[in-house]
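Chains as they are written, first to last, in this note's numbering: chain X, 1155 to 1776; chain C, 515 to 694.
Backbone N, C-alpha and C fix where the C-beta goes; we use that ideal spot for every residue, glycine too.
Note that the structure is a prediction, hence the values are computed from the model and not measured.
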Amino acid sequence: MALLQISEPGLSAAPHQHRLAVGIDLGTTNSLVATVRNGISVVLNDDAGIALLPSVVRYLAEGAAQVGVAAQAVQSVDPQNTIVSVKRFMGRGLKDVGEVVDLPYRFVDSPGMLQLRTVAGVKSPVEVSAEILKVLRDRAERSLGGDLVGAVITVPAYFDDAQRQATKDAAKLAGLNVLRLLNEPTAAAIAYGLDNAAEGVYAVYDLGGGTFDISILRLSKGVFEVLATNGDSALGGDDFDQRIYCWILENAELSQLSANDTRLLLTYARAAKEQLTDHAQTQITAVLSGDKVVNVTLTREDFYAMTQNLLARTMQPTRRALRDAGLSGDDIKGVVMVGGSTRMPQVQRAVQEFFKQTPLTNLDPDKVVALGAAIQANVLAGNRSADDWLLLDVIPLSLGIETMGGLTEKIIPRNTTIPSARAQEFTTYKDGQTAMSIHVVQGERELVVDCRSLAKFELRGIPAMVAGSARIRVTYQVDADGLLSVSAREMTSGVESAVTIKPSYGLSEGDITRMLQDGNQYARDDMQARALREQQTEAGQLLEAVENALQQDGATLLDTASQTRIRSSMDALHNVLNGNDHLAIKRAVEALNQATVSFAQARMDQSVSHALKGHNMSELEN
Amino acid sequence: MNINTDNFQQDFFQLFELQPRFAIDVAALDQRFRDLQSQVHPDKFSHLSESEQRLSMQWSTRINEGYQTLRSPLARGRYLLSLQGVDTQEETNTAMPLDFLMQQMEWREALQEAIEAKNVDALDGLSDNNRRETKLLQQQLGVQIDESHDMLAAAGSVRKLRFLEKLAEEISSAYDELDS
C-alpha cells in the first residue's frame, strides 16, 4: 500500500472549490441559517442585520406569501391567514394537535397530516414550512454568492418518522438538497464540543418554542455518540404563553374571544413571559375589539406556579433518557441548554436542581443549533476540516409491526444506533392464506392503537399453504436521517416477492414536483435553468470524486480494462457537462455511477481492512 | 446490490479483530467500532457517488449490528453458539429448571405488586436483584462457552438470560409508568 501516501487531504490533483453548504434550524418560533466561513461557523443575517427569522407565514389573496417580521406584525390583524408555530403541525393529524380550539386557524382534516384553509387556498404544513426555508435559502445564496450544494436541516431528536419525512419534503419543496436531517441536541453538542474540546458524558436540555428534547451524549476523541434521547414533541415555550393567556382570560373575566383577540392576547402573553425573565412583575394592557380593555399584573411567583407542571413534564423524559443510558444524574459532566425557552429563570433553576450543577449557557441558546448544523453541513459537503469527527445518532422511538390481536411487536427498539436494519420472520394465520397485511407502527406502547401508524401495505402472492408454514421475512432499514423503509419477502418454496415502502405523509414525490412547478416563486425558465445548474453541480462533484478515487486507488484496485471503462464514462460525462441538456447530463451521471459500483466496493473493503489494522486512513476518503 | 467482498462476509469477531470467545476486551471492541465507523459512516460519503453512499449505509448498518451483538453479553453468547451451529431455542424450548421458574414467578408477582402500590423502592430492589442474577448467569455462560465448552448448558443459560432480559424490560416500562 505504498501508493497511499501519494495524496493527502486537500492536495488532490484537482483542488476543489469550497462547496457552499448551510445549516438550517427550522424552529417553532424562529428559524436561522448558518454557514462555515473561513473555518468559523457563523449565522447569516438578513439585510437589516437580523439573524432570527420569525417562523411566521402570512398568505395573501393573490397567492403570495409574506414570511418573518412582516407576517408577524400583522398576525393579530389577519390571524386566519397568518400561520404561527407551523412546526407543531408537521406530520400531524388534527387529533394529534392538542388545544386546537384556542388556535385561530381554519383546519382541514386530511389523512396523515392536517391542512390549513387560507385566502391563498388550502395549505399543508409542509408548504408553509417550505416558505420559511425558501427565504433562508435565498438569504444564504445572496450572502454567499452562489448556489448551495446542500443543507443540513435540524429536527427535534424526538420527532417521529412522519415529522422527519414532512421536514425533508418541505426542504425539497424549497429547492434544497438535504445533506442530512440532524437532531437538534446533537447539533448543539457539535457547536459546544468543538468550541470547548469537551470529553465525557453530557446532557443536552432543549426546550424550544414547541418541542422538548433531552439527549445524553458521550463525547470522546472526536466521536459524538448519542446514548439515549427522549422528549415531548408537543411541549415548549408556546405552552408557557398558553398558560399566561388562560390566566389573563380568567383574571380579566373574558370568554368567547374572536380570532384576532386571541392572537393579540397570545402575543401579549409571550411578551409578558419574556419580561419576567428580567423583571419581578409585568403589566399586561390590551385593547380588544369593542374597546374592551384588559389590564392585569402578573408576578414572577404566579408565573412560576402556573408553569410548574410544564417543568415537571420535562423531567419525566429526562429521567427516562438517563435510565435508558444506564446512568444517573451524577454521571453527567455538563448540561447544555438549548432553545430560547431555557432563558426562563425557572427552567434554569429546575435543571440546576435536577442535575445538581449550573447548566452551560455560554453559547446563545437561539443560535447554537444552527451553528452546529452548519459545521456538520460543511463536512458533509466535502469541505473537510482539519479536526475530523463522527456523529453516531439513534432513533428516538421504537419501530414495530402489528401482530395478531392488535399487539405491537418491536422490530427496532428505541435508542438503537443508526443506520440500522433488522429482519424478523412472520407466518400465516389461516390455511391457504395468500396475502398478508403489514402494518408499520412507531411508539413504545403495547397496543397498536396507542402507537403512531406509519404505513400499511399488503404482501400478495404467498403460495397457499397450511397455516403457520409460510415464512415472511420483514426487514426494517433506518437510514442516517432516521427515516424508515420496510420490505417484506415470502421465502418458502422458491417463491419470493418483495415490497418496499417508504412511509409518506400527505405529499407524494409527484405532489412535490407539481408544487415546485406551480410555484409562483420561479418562472418556468428559471426552473429549467436551476435544474440544469443543479445537475451540472452534481456531475462536477461526481467527476471530481471519481478522479480522486482513481488517482488514489485506481492503480492498486483496478485492472487496466476497468480503468479504461471508468475513464470512458467520465469522458462521456465531460462531453455533455457544459451543454444545456440536463437530462443528457443526468443519464451520463447514472452511467458513471453504474460503472463505478465494483470500484466503490473495493475501496470500501480496503478502508475497512485498514481501519482494522489501526491505520489512520483519512487520506483515503477525500 | 450484493456485497461479495471478503470483509463483508467475515463474522463479527473477525470484523472487530477479536478472538471468538465470550470473554472479550470491551475497550478494544469500543475502539474498533469507532475506527470502523470513522471509515464507513454515511456522513463520510454524502458528497460521493451513489454507489459509495449505498455501500456506506450497508457497511455502517452491519458494523452497528456487529457492535450491538458483541457488546451485549446475551447477544454475544447467542451469536457464539450460532457460529457453532447451536440453536438456543429461545422461542420453542420452555423447559426450565423448577427453581428458576419459581424465582421468576415470584419476581413477576413482586413487579405487579410494586406497580399497583406505585412503590419505586420495591422496583429498585427488584431491579438490583435482577441485575445481580444476570451478572451471575453471564459469568456462568462465559465458563460454559470458553472453558468447559458445554454448548448445551450454554444454550440453557442463554434461555435463562433471555427471561431476565425480558424482566428488565418490564421493570423499565414499570418505571416509565410510575413516572407519568
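As summarised for the region 586-623 of chain C, the continuous alpha helix (DSSP H) elements at least 4 residues long and confined to that stretch are 587-597, given in chain order. Comparing alpha-carbon positions, the option among X/GLY1708, X/PHE1753, X/GLN1690 lying closest to X/ASN1734 turns out to be X/GLN1690. Residue nearest to X/PRO1339 within the set X/GLY1181, X/MET1267, X/PRO1499 is X/GLY1181 (criterion: CA-CA distance). The beta-carbon distance between X/ALA1634 and X/ILE1572, rounded to whole angstroms, is 6 Å. This is short enough to meet the 8 Å contact definition. In the same chain as X/ARG1318, and ignoring 5 residues on each side of it, the C-beta atoms closer than 7 Å to its own belong to VAL1309, LEU1335, ASP1635, GLY1636, LEU1637, in chain order. Residues of the same chain with a CB within less than 8 Å of the CB of X/THR1646, apart from the 5 flanking positions on each side, are PRO1617, MET1619, SER1623, ALA1624, ARG1625 in chain order. By the C-beta density criterion, C/ARG535 is exposed, having fewer than 16 other C-beta atoms within 10 angstroms.
Counting along the chain, the unbroken alpha helix (DSSP H) around C/LYS674 starts and ends at 665-693. GLN1695, LEU1696, ALA1699, VAL1700: these are the residues of the region 1692-1715 of chain X whose beta carbon lies less than 7 Å from some beta carbon of chain C, given in chain order. Using a 10 angstroms sphere on the CB of C/HIS555, the tally of other CB atoms reaches 16 or more, which defines it as buried. The beta carbon of X/GLY1222 is closer than 6 Å to those of LEU1207, PRO1208 in its chain, skipping five residues each way along the sequence. The shortest CA-to-CA distance from X/GLY1536 to any of X/GLY1362, X/VAL1289, X/VAL1595, X/LEU1696 is the one to X/LEU1696. Proximity of the region 1392-1402 of chain X to the region 1581-1591 of chain X falls short of the contact definition, fewer than three beta-carbon pairs being nearer than 8 Å. Distance from the CA of X/GLN1755 to the CA of C/LEU681, rounded to the nearest whole angstrom, comes to 43 Å. Sequence-ordered contacts of the region 536-552 of chain C with chain X read ARG546, ARG548, ASP549, LEU550, GLN551, SER552 [C-beta pairs closer than 8 Å]. DSSP, read as helix, strand or coil, puts X/MET1267 in coil. Using a CB distance below 8 Å, the part of the region 1512-1540 of chain X facing chain C consists of GLN1530, VAL1533, LEU1534, ALA1535, GLY1536, ordered along the chain. In the three-state scheme derived from DSSP, where H, G and I count as helix and E and B as strand, X/MET1498 is classed as coil. Interface with chain C (8 Å Cβ-Cβ cutoff): X/ALA1219 is excluded. X/LEU1418 and X/GLN1229 have their C-alpha atoms spaced approximately 8 Å apart.
The Cβ atoms of C/PHE547 and C/ILE577 sit closer than 8 Å to each other.
Bridge pairing for X/TYR1213: X/ALA1219 [DSSP].
Judged by beta-carbon spacing, C/LEU651 lies beyond the 8 Å limit of C/LEU584, meaning their Cβ atoms are not closer than that value.
Against X/ASP1633, the close residues of chain C are PRO556, MET571, in the order they occur along the chain (beta-carbon pairs closer than 8 Å).
Of all residues in the region 1541-1556 of chain X, only ASP1542, LEU1544, LEU1545, LEU1546 come within less than 8 Å of chain C when Cβ atoms are compared, listed by chain position. Beta-bridge partners assigned by DSSP to X/MET1460: none are found. With its beta carbon at least 8 Å from every one in chain X, C/ASN633 lies outside the interface. Remark: three or more beta-carbon pairs, one from each stretch, lie closer than 8 Å, so the region 1316-1333 of chain X and the region 1241-1248 of chain X are flagged as touching. Segment contact: the region 1547-1565 of chain X against the region 1345-1364 of chain X, fewer than three CB-CB distances shorter than 8 Å; contact not assigned. Of X/GLY1615, X/LEU1481, X/LEU1704, X/ALA1693, the smallest CA-CA separation from X/GLY1586 is found for X/GLY1615. CA-CA distance, X/GLU1507 to C/LEU655, rounds to 42 Å. Between X/ALA1219 and X/VAL1231, the C-beta gap is not smaller than 8 Å, which leaves the two residues out of contact. A distance below 8 Å between beta-carbons, with the five flanking residues on each side excluded, links C/LYS632 to the following residues of its chain, in chain order: LEU692.
Excluding sequence positions up to five before and after X/GLN1502, its CB lies within less than 8 Å of the CB of MET1491, THR1496, PRO1513, THR1515, all in the same chain and listed in chain order. By the C-beta criterion, the region 1174-1190 of chain X is judged to be in contact with the region 1297-1309 of chain X, since at least 3 inter-stretch pairs fall below 8 Å.
Residues of the same chain with a CB within less than 6 Å of the CB of X/TYR1346, apart from the 5 flanking positions on each side, are VAL1490 in chain order.
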